[in-house]
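Trainee: Sharing a structure below in structure tokens format, with a few things to ask.
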């Protein structure tokens with residue numbers, strides 16, 4: 094199990110920086126503009142995850158053989174990484190919304 098988690102984390106690291114940058118930009122926009130921007134940013138994050146999957150599948154297609162030989166097909170790589178990335182986005186969005194709501198009321 095830990096071997097699979099290390100492999101999945103290594104795969105996520107290959108595109109973590111742009112994904113986290115997009116997440117932090119969305120959180121900053123929510124903090125600056127308020128909760129009215131959540132719907133648009135939610136769909137923006139979904140779209141950028143789709144674009145990320147597309148480009149990683151193109152540019153890292155040869156690396157998928159490495160993971161497949163170690164017993165991890167593409168879906169077992171993508172599903173946990175996308176769930177982690179999107180839940181991180183949702184968690185930070187909710188925390189920012191709560192923080193924003195607390196600072197607006199003060």
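Numbering (our numbering), first residue to last: 94 to 199. Note that CB positions come from ideal geometry on N, CA and C, so glycine has one too.
(1) Where does residue 153 sit, in a helix, a strand or coil, going by DSSP?
(2) Please classify residue 132 as buried or exposed, where buried requires at least 16 other C-beta atoms within 10 Å of its C-beta.
(3) Quick check on the burial criterion: 16 or more other C-beta atoms within 10 angstroms. Buried or exposed for residue 123?
(4) Using DSSP with H/G/I as helix, E/B as strand and the rest coil, what is residue 111?
(5) On a CA-only basis, which of 135, 118, 162, 152 is nearest residue 180? Give me that one, please.
(6) Could you give the DSSP three-state label for residue 94: helix, strand or coil?
(7) Suppose you measure from the CA of residue 168 to the CA of residue 188; what does that come to, to the nearest Å?
Mentor: Taking the coordinates as given:
(1) Here the question's residue 153 lines up with position 60 in the chain shown. Coil at residue 153, not helix or strand.
(2) By 1-based counting over the chain shown, the position of residue 132 is 39. Flag for residue 132 reads exposed.
(3) For the purposes of this step, residue 123 is taken as residue 30 along the chain shown, with counting starting at 1. It counts as buried.
(4) Taking the first residue of the chain shown as position 1, residue 111 is located at position 18. In this structure, residue 111 counts as helix in the three-state DSSP scheme.
(5) As a first step, residue 180 must be located in the chain shown, where it is residue number 87. The candidate whose alpha carbon is nearest that of residue 180 is 135.
(6) Position 1 of the chain shown, counted from the first residue, corresponds to residue 94. Note: residue 94 maps to coil in three-state DSSP.
(7) Translated into positions along the chain shown, residue 168 becomes position 75. Translated into positions along the chain shown, residue 188 becomes position 95. Taking the straight line from one Cα to the other gives about 30 Å.
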